[in-house]
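Reading through the structure tokens given below for one structure.
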DNA sequence: CAGCTATGTATCTGTATTGTATCATAAAAT
DNA sequence: ATTTTATGATACAATACAGATACATAGCTG
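Chains as they are written, first to last, in my numbering: chain Z, 506 to 722; chain Y, 506 to 722.
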């Protein structure tokens with residue numbers, strides 16, 4: 506299990522991140538200031554730290570100094586997009602930075618990227634007889650690869666992370682397409698159909714009348 | 506009892522939400538401006554706040570600031586659907602976002618989602634020997650799934666949340682169909698009959714002469 | 001630039017869902 | 001008991017929805 510430490514004094518942001526990373530299968534711990542961060546790092550192993558720069562107590566840079574010798578990758582969270590801060594952070598040893606406000610998709614991408622770089626990626630999600638590798642973005646049944654497009658892959662991932670849960674068309678659209686306006690387009694349906702066909706999941710991904718779809722396993 | 510505070514200056518919207526959440530078993534309180542919201546939050550505990558952005562007095566963002574330290578989840582209600590606003594809201598600490606006009610079904614889904622996230626709700630409702638899973642929108646008896654349509658499911662949910670309570674036809678119609686005008690149509694009756702048949706609940710859902718129906722368990 | 005792939009729109013069609021109409025039966029009122 | 005009214009049952013029609021297919025566009029690759 507990959508463990509991520511989230512250090513941010515704004516609880517909502519903390520929660521938002523935690524929720525999404527937990528959903529993606531990571532084990533998260535939240536602390537709200539620099540001192541607590543150092544304390545917990547003293548006794549617990551983590552694979553990645555998400556670190557806010559503006560912190561009460563010790564600021565982000567100081568915490569970074571503390572983390573450095575532990576050799577744990579760090580992603581800086583910064584409110585401002587000032588190049589100065591970025592450079593400073595990266596110079597001091599942050600592996601990446603993320604400017605608030607950020608899209609969840611981007612957060613996940615960067616987290617995966619960093620973990621991959623550190624060789625710690627959790628890569629496989631298994632659903633039924635299918636293996637989804639988030640790292641190579643590939644899907645296999647046994648050792649036969651199933652070629653999916655970008656959207657199809659994202660869609661599958663969402664279903665895989667929400668097995669047996671009815672997903673509204675709007676939810677699907679928001680997550681895969683990133684926009685909250687769908688209108689009456691039938692894009693989602695079409696992609697579900699294509700995905701079904703490719704995976705031979707004609708009856709596993711069920712349409713729910715007037716609602717959306719559900720992956721049944 | 507889960508308590509929800511509704512903050513919206515448009516009374517009809519307020520009422521609509523209140524009615525539906527009350528039916529769903531939540532305890533609701535309505536206020537119509539930001540100041541009142543803060544006042545009541547000062548003295549009463551709530552589990553969730555539904556907050557309109559456009560408010561007289563203090564606007565939604567300011568109220569949000571006020572709520573933040575209280576650590577109560579917030580769902581923003583807004584007419585706008587721009588990602589900018591969404592991010593702004595989420596960044597400031599809103600836990601979710603609902604764009605007006607919204608479907609009642611979606612409202613309930615999001616409320617449940619948030620409460621679940623906060624560990625304050627259960628996803629399964631058990632009635633007699635039947636299990637209703639609001640998350641997957643499925644109904645089972647033992648491990649035999651009972652296929653219900655949208656309306657049937659909503660109807661069952663309403664009965665399940667109001668066991669042994671007589672429900673007026675108008676109430677049923679308003680909640681499941683979302684409209685407050687029913688005329689003298691017999692739509693509700695028909696759906697009750699269909700639901701009865703599917704669940705073999707011919708005698709559990711009792712007709713109450715000149716009133717409506719009641720689920721007896 | 002041509003050709004390919006990914007993605008999205010438009011359209012048609014079958015069908016599940018939903019609602020209306022009708023008649024039969026049960027409950028209440030007189 | 002008889003009338004009146006409400007509900008149950010059934011059949012059927014309208015509708016909305018999802019599946020399928022074809023086609024248009026965009027974006028990439030060579």
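Ideal placement from N, C-alpha and C gives every residue a C-beta, glycine not left out.
Predicted, not measured: the structure shown is a model, and the values here were computed from it.
Cα-Cα separation, residue i to residue j
i, j, result
"residue 559 (chain Y)", "residue 543 (chain Y)", "15 Å"
"residue 510 (chain Y)", "residue 673 (chain Z)", "25 Å"
"residue 689 (chain Z)", "residue 612 (chain Y)", "19 Å"
"residue 523 (chain Y)", "residue 603 (chain Y)", "15 Å"
"residue 636 (chain Z)", "residue 701 (chain Z)", "15 Å"
"residue 654 (chain Z)", "residue 581 (chain Y)", "34 Å"
"residue 677 (chain Y)", "residue 685 (chain Z)", "30 Å"
"residue 549 (chain Y)", "residue 694 (chain Y)", "41 Å"
"residue 704 (chain Z)", "residue 641 (chain Y)", "22 Å"
"residue 540 (chain Z)", "residue 575 (chain Y)", "23 Å"
"residue 614 (chain Y)", "residue 679 (chain Z)", "15 Å"
"residue 618 (chain Y)", "residue 600 (chain Y)", "10 Å"
"residue 623 (chain Z)", "residue 664 (chain Z)", "27 Å"
"residue 607 (chain Y)", "residue 616 (chain Y)", "13 Å"
"residue 536 (chain Y)", "residue 567 (chain Y)", "15 Å"
"residue 683 (chain Z)", "residue 609 (chain Z)", "10 Å"
"residue 692 (chain Y)", "residue 649 (chain Y)", "28 Å"
"residue 554 (chain Y)", "residue 516 (chain Z)", "17 Å"
Residue i versus the options, residue with shortest Cα-Cα distance
i, options, result
"residue 712 (chain Z)", "Z:669, Z:517, Z:679, Z:515", "Z:669"
"residue 657 (chain Z)", "Z:530, Z:675, Z:681, Z:529", "Z:681"
"residue 630 (chain Y)", "Y:644, Y:677, Y:690", "Y:644"
"residue 666 (chain Z)", "Z:513, Z:633, Z:569, Z:650", "Z:633"
"residue 529 (chain Z)", "Z:638, Z:566, Z:652", "Z:638"
"residue 577 (chain Z)", "Z:583, Z:647, Z:617, Z:546", "Z:546"
"residue 565 (chain Z)", "Z:579, Z:575, Z:574", "Z:579"
"residue 573 (chain Y)", "Z:649, Z:697, Z:520, Z:659", "Z:520"
"residue 706 (chain Z)", "Z:649, Z:648, Z:609, Z:661", "Z:661"
"residue 659 (chain Y)", "Y:518, Y:525, Y:600", "Y:525"
Boundaries (first-last residue) of the alpha helix (DSSP H) holding residue i
i, result
"residue 680 (chain Z)", "674-682"
"residue 508 (chain Y)", "From DSSP, residue 508 (chain Y) is part of no alpha helix (DSSP H) but of the beta strand (DSSP E) over 508-512."
"residue 571 (chain Z)", "565-572"
"residue 692 (chain Y)", "692-704"
"residue 545 (chain Z)", "539-548"
"residue 659 (chain Y)", "655-665"
Own chain residues within Cβ distance below 7 Å of residue i, not counting five before or after
i, result
"residue 721 (chain Z)", "669, 709, 711"
"residue 561 (chain Z)", "514, 538"
"residue 671 (chain Z)", "713, 716, 717, 719"
"residue 675 (chain Z)", "687"
"residue 651 (chain Z)", "644, 645, 703, 704"
"residue 557 (chain Z)", "512, 513, 514, 565, 582"
"residue 699 (chain Z)", "657"
"residue 755 (chain Z)", "Nothing can be reported for residue 755 (chain Z): it is not among the residues displayed for chain Z, which extend from 506 to 722."
Strand pairing of residue i, partner residues [DSSP]
i, result
"residue 718 (chain Y)", "Y:672, Y:712"
"residue 638 (chain Y)", "Y:629, Y:643"
"residue 649 (chain Z)", "Z:646"
"residue 602 (chain Y)", "Y:581"
"residue 536 (chain Y)", "Y:512"
Same chain, Cβ closer than 8 Å to residue i, five either side skipped, listed in chain order
i, result
"residue 587 (chain Y)", "Only weak support exists for where residue 587 (chain Y) lies, its pLDDT of 49 falling under 50; the value from the coordinates is given anyway. Answer for residue 587 (chain Y): no residue qualifies."
"residue 527 (chain Z)", "533"
"residue 647 (chain Y)", "634"
Extent of the continuous beta strand (DSSP E) run through residue i
i, result
"residue 515 (chain Y)", "No beta strand (DSSP E) holds residue 515 (chain Y); DSSP gives it neither H nor E."
"residue 553 (chain Y)", "553-557"
Same chain, Cβ closer than 6 Å to residue i, neighbours up to 5 away in sequence not counted
i, result
"residue 518 (chain Y)", "none"
"residue 571 (chain Z)", "543"
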